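Reviewing the structure listed below.
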Amino acid sequence: MPIPTPFHSRTALLCQTNEWRDWSGYLSAVTYRPSHEAEYFAVRNAAGLLDVSPLYKYEVTGPDAQRLVNRVMTRDLAKCRVGQVMYSPWCDEQGKAIDDGTISRLGETQFRITAADPSLRWFQDVGYGMDVEVRDISTSLAALALQGPSSRAILQNTFKIPELDTLPYYHLLQTEFEKKSLTITRTGYTGDLGYELWVTPEDAPLLWDRLIETGRNYGLLPIGLAALDMLRVEAGLLLIEVDYTSSLHARIPQQRSSPYEIGLGWAVNLSKADFIGKQALLKEKKRGSPRSFVGLEVEWMELEALFGKVNLPPQVAGRASRNPVPLYSNGRHIGQATSLVFSPILKKYLALGTLGTEYLKRGSEIEIEVTVEYQRRRAPAQVSRLPFFDPPRKKAVARG
Amino acid sequence: MADRHDAIVIGGGHNGLVNAAYLARAGLSVLVLEQRPMLGGATVSEEIYPGFKFSVFSYVVSLLRPEIIRDLQLPRHGLTILPLESTLTPLPNGEFIYRGSDPHETFRNISRFSPRDAEAYREYGYAMYQMAKAVKYILGIRPPDPTSFHPRELLALLRLGQHFLGLEEEHLYTLVKLMTMSSADFLEEWFETDPLIATLSSSGIIGTFLGPRSPGSAYVLLHHYMGEIDGVFRAWGFQKGGTGGVAEAIASSARELGAVLRTNARVAKVLTRRGRAFGVVLENGDEIQTKLVVSSVDPKLTFLNLVDPNDLPSDLVYAVRNFDTHGSSGKVNLALDAAPDLSCWPGEGPHLRGAISISPGVDYIEHAYDEAKYGRFSPNPYIDAIFPSMIDPGMAPPGKHVMSCFVQYAPYHLAEGNWEGQREAFGDAVVNTLSQYIPNLKKIILHRQVLSPRDIEKTIGLSGGNIFQGELSLSQLFFLRPVPGYAQYRTPIRGYYQCGSGTHPGGGITGAPGRLAAIEILKDLHR
């Protein structure tokens, strides 16, 4: 049975639909109101508030903290300054991705890592023999994501923190509210302007109340996982166990992926000192990766035509779909689309997926399976740049 | 006697029944002869106390081969496996470890002892899945003879080699570790929480005269994991109506296929003439002629009792005499007047629908084993208990319950005295041990049935009371089971075959020996 998060006393009252999902063993609202679309648009137009407490969180401290983090992560964490946050995958010795998350540098010798899966054992074991302590702080840290164009204004009006205006993308602030310690990171999973707020579980309800209070004047809505899933696909952000399988949980070798194969090649730094998976990744870099992670845009006119044949308008899921569908090229199976969504703001049918790298060449015809009135059809799709939706406000600073 | 059958199967346990069903399916007229008044062998449900049904011997199912379930259409014949979803390990200090069907709940439960172990538990599950997948292949094949140059054997060995070379490197290493290590040592590579290691390692000692620290026990651990992977029913379950329902389903299928099943028919001897079996003689003197005889009873009975050992090669006789059938487990079945109340988890709850494992530490079980090594039953035994009536209310009158306790260790050979004199003391030890965790137990016991290995031997014929018809040690597995040179279900006597758990791939309600033997027999008959 999933258990409540530290915000449950607040979220339970607001969740009109009573639609909850088990997220890492916690009750997580899927939608608060009958239409998740209002929640989606709150993030793109105003602001949304999402309980992300179920994330696994680890703290790495001690003289060798940087050494450990840098040995785990594929990115160069030596370049991560105090107050900065980096996103990175981490790999096994074969260079296959185990998980991905954010690393916040709270001090010279203090890092905080978020993960989708339990990772204590992996971090501790990698740090064997180092002067470092890895602690699981998952249950001692509650977290909220405040996302959307109004998020900065809401935070400013709630906490009156001048530094917030100049807080750059992927940076953090350690501050206080009402004498309670609060960490604010300018991070998120929506591809929009946004922040994540980290407090102790005891202070969680108060934090929620304060933000909701201020947010009333800014169109803030609590949002659930249904809206988040749409937002993250538009943002081109992949999801473990949906868009790729952790190498620790793969049942067959083909289920494992390197960071290059899941669109995270940019986060692999092969010039830094040894890290786990480096040798394998060096080889793969030289040889080329057999598969690539792509964004796809389904050709709407063709889709309309397919449905038109049975006298229906295109039927696309209102929510993001996590049911993988095959991709084809000239009748050959070349990969799969793993996340699909009709983007309300772009008015496009979008997908994230994996396909054979050779089919990335210009002129390769790519088709995606669509089900038209129970029959399997194929609609053409174009490879698109990721993220699909990338507003300048995501990285912009207010002034300074 | 007038009736003639193509084949006679000795023993109506699940393997005998499976064998008979497969032979009948191929068009043979088959007669099964069971000594007891009921079919099933160790796979049996009996109303020992009025209104209470006991799975007297074998009590849970997981390993029944999916191809058998399909081929014999067992669900249509009544196979209904209800899920046994959890394992609770109560601890002397009032704490407990609960592993249930919700992985996150299990994670949180183990986290209370060690967050590392909570994580390792999931990884361990994946690793064992991979191992079971690797070894599963072996369960479905006749063991090749590694000493033969017959093209058929060489081809089988080649396929086997290819199978193992096809494994990922890391999995191959883990497999070799499983084959050589003790279950506790293997588990300590993953975990640090003693009661968790103890409980998991208990799968490595069940039915075996080994302690959790004995090398070789890790393989038994894997053997018990095998049921996890086939899509038919996952993990361990409980047959509706008790384990006897499994045998009834197979029997019903066999009957439908034309097999004749006779109870109260104890075979005294297999009749042979010039190296060929031609019938059996029953204890009552009746002779029944047949073209072939299949023995589903254990190798000792098959080779040393049912035929004249002097008709067999002496090296075979010697090897069978050395075949280890030393029983190590006992069973205590209880009829309860009310629901049990655990001190670590009072009241009713999901935990009562799963297994209760009395395995508070590795040393606890190892100490229990120490006693048995020197011919004493364990005063503080390892116990795997379930309450079948919690899962299937039909097992006991409303509000009342049956409790099945598998107990280790109960050595077949006692250093002092005999089982007749010590049976009840053994039962007391079990009830006393359980009462430490279930304070109301003594007050609610209506009836107690205590079975020592001697009782198991006496009742259902298993030599030494060994529940697997012989130890599942590496020295008695695959092409060594039951003995080298005779691992392909044949015997030196033409027309005389073996199909019990004493043959590959061994014990547990798998049905695999029965099926594989039938395939070999039908090959010999060119069917």
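Protein chains in written order, with this note's numbering: chain A, -12 to 387; chain B, -17 to 509.
Quick reminder that beta carbons are idealized off the backbone N, C-alpha and C, glycines included.
Bear in mind the structure is a predicted one, so any value in this text is a computation, not a measurement.
8 Å is my cut-off, CB to CB: does residue i come that close to chain A?
i	result
Pro466 (chain B)	no
His86 (chain B)	yes
Arg90 (chain B)	yes
Pro177 (chain B)	no
Glu402 (chain B)	no
Arg98 (chain B)	yes
Glu105 (chain B)	yes
Ala247 (chain B)	no
Ala102 (chain B)	yes
Glu150 (chain B)	yes
Tyr80 (chain B)	no
Tyr155 (chain B)	no
Tyr478 (chain B)	no
Should residue i be flagged as near chain B, meaning a C-beta pair shorter than 8 Å?
i	result
Gly12 (chain A)	yes
Gln111 (chain A)	yes
Asp9 (chain A)	yes
Gly42 (chain A)	A small correction: the amino acid at residue 42 (chain A) is Leu; Gly does not occupy that position in the sequence shown. Leu42 (chain A) does not count as touching chain B.
Asp152 (chain A)	no
Asp123 (chain A)	yes
Arg108 (chain A)	yes
Met73 (chain A)	no
Leu235 (chain A)	yes
Met(-12) (chain A)	yes
Pro395 (chain A)	The structure shown has nothing for residue 395 (chain A), since chain A only spans -12 to 387.
Run the CB neighbour count on residue i, radius 10 Å, all protein chains shown included, and call it buried at 16 or more, exposed below.
i	result
Gly387 (chain A)	Interpretation of Gly387 (chain A) is limited by its pLDDT of 44, a score under 50 that renders its predicted location unreliable; no figure is taken from the coordinates.
Glu28 (chain B)	buried
Phe28 (chain A)	buried
Leu128 (chain A)	buried
Trp253 (chain A)	exposed
Pro342 (chain B)	buried
Val69 (chain A)	exposed
Ala(-16) (chain B)	Note that Ala(-16) (chain B) scores 46 on pLDDT, short of 50, meaning its location in the model is unreliable; the coordinates nonetheless yield the value given after this. By the 10 Å Cβ count, Ala(-16) (chain B) comes out exposed.
Phe(-6) (chain A)	buried
Val593 (chain B)	Within the shown structure, residues of chain B are numbered from -17 to 509, placing residue 593 (chain B) beyond reach of any answer.
Thr272 (chain B)	buried
Which residue wins for smallest C-alpha separation from residue i, given the options the options?
i	options	result
Val186 (chain A)	A:Cys2, A:Ser168, A:Tyr176, A:Gly12	A:Ser168
Ser15 (chain A)	A:Ala(-1), A:Gly318, A:Tyr115, A:Leu251	A:Ala(-1)
Val38 (chain B)	B:Val26, B:Ser44, B:Pro32	B:Val26
Gly49 (chain A)	A:Asp118, A:Ala307, A:Ala140, A:Ser137	A:Asp118
Tyr231 (chain A)	A:Ala324, A:Arg54, A:Pro105	A:Ala324
Phe376 (chain A)	A:Leu180, A:Gly340, A:Ile227	A:Leu180
Leu359 (chain B)	B:Asp366, B:Gly23, B:His349	The question names Leu, but residue 359 (chain B) is Phe in the sequence shown. The option with the nearest alpha carbon to Phe359 (chain B) is B:His349.
Ile120 (chain B)	B:Leu324, B:Ala500, B:Ala138	B:Ala138
Glu402 (chain B)	B:Lys440, B:Gly9, B:Glu502, B:Thr492	B:Lys440
Ala130 (chain A)	A:Arg20, A:Asp104, A:Pro192, A:Thr153	A:Pro192
Ser40 (chain B)	B:Thr71, B:Gly447, B:Ala166, B:Tyr468	B:Gly447
Asn317 (chain A)	A:Lys334, A:Met288, A:Gly350	A:Gly350
Val384 (chain A)	A:Ser276, A:Trp287, A:Asp152, A:Glu165	A:Asp152
Pro65 (chain B)	B:Pro379, B:Gly336, B:His486, B:Tyr111	B:Gly336
Report the CB separation of residue i from residue j in whole angstroms; it is logged as a contact under 8 Å.
i	j	result
Leu264 (chain B)	Val252 (chain B)	Rounded, the Cβ-Cβ distance is 11 Å, inconsistent with contact.
Ser245 (chain A)	Lys83 (chain A)	6 Å
Val389 (chain B)	Lys313 (chain B)	7 Å
Ser279 (chain A)	Leu215 (chain A)	Incorrect: roughly 25 Å between the Cβ atoms, too far for contact.
Glu101 (chain B)	Leu107 (chain A)	6 Å
Arg372 (chain A)	Gly282 (chain A)	7 Å
Ala6 (chain B)	Gly240 (chain B)	5 Å
Cys481 (chain B)	Pro495 (chain B)	5 Å
Ser330 (chain A)	Leu337 (chain A)	5 Å
Gly219 (chain B)	Ser455 (chain B)	Actually they do not touch by this definition, with Cβ atoms about 27 Å apart.
- Query: Is the stretch 90 to 109 of chain A close to the stretch 58 to 77 of chain A, with three or more CB pairs under 8 Å?
  - Reply: yes
**Q.** the stretch 0 to 12 of chain B touching the stretch 186 to 204 of chain A, judged by at least three CB pairs closer than 8 Å
**A.** no
Checklist line | Validate contact between the stretch 109 to 126 of chain B and the stretch 147 to 161 of chain B using beta carbons, cut 8 Å, 3 pairs | finding: yes
Closer than 8 Å is the cut-off here; do at least three beta carbon pairs connect the stretch 376 to 390 of chain B with the stretch 309 to 325 of chain B? yes
ask   = Three or more beta-carbon pairs under 8 Å between the stretch 225 to 239 of chain B and the stretch 127 to 141 of chain B, yes or no?
value = no
Is the number of C-beta pairs between the stretch 302 to 316 of chain B and the stretch 501 to 509 of chain B that are closer than 8 Å three or more? no
Is the stretch 50 to 67 of chain A touching the stretch 258 to 275 of chain A in the sense that three or more CB pairs, one from each, lie closer than 8 Å? yes
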